[in-house]
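Novice: Numbering (my numbering), first residue to last: 17 to 302.
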């Protein structure tokens, strides 16, 4: 039985499997894992690579499962490159790869590393059709995965959890939840027609935007508070300022453009935080 819907053969099958790699959504979890490793100080390349691979497998699982449910089960999508058998095979491969990564982390680091990693796959696998039907879990699933990626990336290097990675995990969870509310608002009309309960459907677009930017404001305020308290490097203030500028522009844009701006703004936010943790030029001057 064919794995790709349009063509048969090794090439089309490989392209169909690779089509489930979405860089825009995969980059943040992988970067968050490396960010957690950088927070820990000394980075063991092998442990960092294994944890990044685990996060890749988890997000790949989410993409395949989401596409499978939306096209083959719900009939919401117009097309999908994989057949049902292809989706099941892709899920088996990604889940096996994730399990192998967890096994390696368990041997090289310990059971706590596994306990911090496994929830990422659980969120990914159950996002559709379970978690994406509730406004809270539909909004926080992806951000929670990134928060766990930060914590796991830190733990596999330091074998402990401190206030710093916890603080960053909470900030990312809150900030990205706000972005996710805006992202979901793009599909407000369609989601409402199929009774999918996103925040925008439950509260209405205007109130959803207020909630979204409220969450982002809380996250940026937390960054400022942690920096002033010297829990975060002082240079982290620049990250909050940069994202606030992007959010100010996005606030006046439509949901599609706002989502694009905010996602890219989150990349800048993370990049400045990495520089803050690694170099902290402002902290060195004070």
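Note that CB positions come from ideal geometry on N, CA and C, so glycine has one too.
1. Pick helix, strand or coil for residue 245, following the three-state DSSP scheme.
2. Can residue 98 and residue 108 be called in contact, C-beta distance under 9 Å?
3. Taking only the alpha-carbon atoms, compute the straight-line gap between residue 121 and residue 254 and give it to the nearest angstrom.
4. Which residue comes first and which comes last in the alpha helix (DSSP H) that contains residue 98?
5. Could you check where the alpha helix (DSSP H) with residue 271 kicks off and where it finishes?
6. At the level of alpha carbons, what is the spacing between residue 166 and residue 179?
7. Take every Cβ of the segment 231–250, pair it with every Cβ of the segment 211–219, and state whether three or more of those distances are shorter than 8 Å.
8. For residue 20, which three-state DSSP category applies?
9. Taking the continuous alpha helix (DSSP H) assigned at residue 198, which residues delimit it?
10. By a C-beta neighbour count over all protein chains shown, 10 Å radius and 16 as the cutoff for buried, is residue 72 buried or exposed?
11. Sorted by chain position, which residues of the same chain lie with C-beta nearer than 6 Å to residue 69's C-beta, five sequence neighbours on each side aside?
12. Between which residues of its own chain and residue 156 is the CB-CB distance below 8 Å, once the five residues before and five after are set aside?
13. At a cut-off of 8 Å, is residue 260 close to the ligand SAH when judged by its beta-carbon and the heavy atoms of the ligand?
Specialist: Put simply:
1. In the chain shown, the residue the question calls residue 245 occupies position 229. Coil.
2. To locate residue 98, count along the chain shown from 1; it is residue 82. To locate residue 108, count along the chain shown from 1; it is residue 92. The answer is no: Cβ separation not under 9 Å.
3. Locating residue 121 in the chain shown gives position 105, counting from the first residue. Locating residue 254 in the chain shown gives position 238, counting from the first residue. So the alpha carbons of these two residues sit roughly 34 Å apart.
4. Within the chain shown, numbered from 1, the residue matching residue 98 stands at position 82. Element bounds for residue 98: n/a, residue is neither H nor E.
5. Sequence index remark: in the chain shown, residue 271 carries index 255 (1-based). That run of the alpha helix (DSSP H) goes 271–294.
6. Taking the chain shown and counting its residues from 1, one reaches residue 166 at position 150. Taking the chain shown and counting its residues from 1, one reaches residue 179 at position 163. When rounded, the distance between both Cα atoms is 12 Å.
7. no
8. Along the chain shown, one-based indexing puts residue 20 at 4. Residue state, collapsed to three classes: strand.
9. Numbered from 1 along the chain shown, position 182 holds the residue referred to as residue 198. Residue 198 -> alpha helix (DSSP H) spans 179–201.
10. To locate residue 72, count along the chain shown from 1; it is residue 56. Answer is buried; the Cβ neighbour count reaches 16.
11. If you number the chain shown from 1, residue 69 lands on position 53. Answer for residue 69: 117, listed in chain order.
12. The residue you call residue 156 lines up with position 140 of the chain shown. 189, 193 and 196.
13. Within the structure as shown, the ligand SAH is missing, as the structure has no ligands at all.
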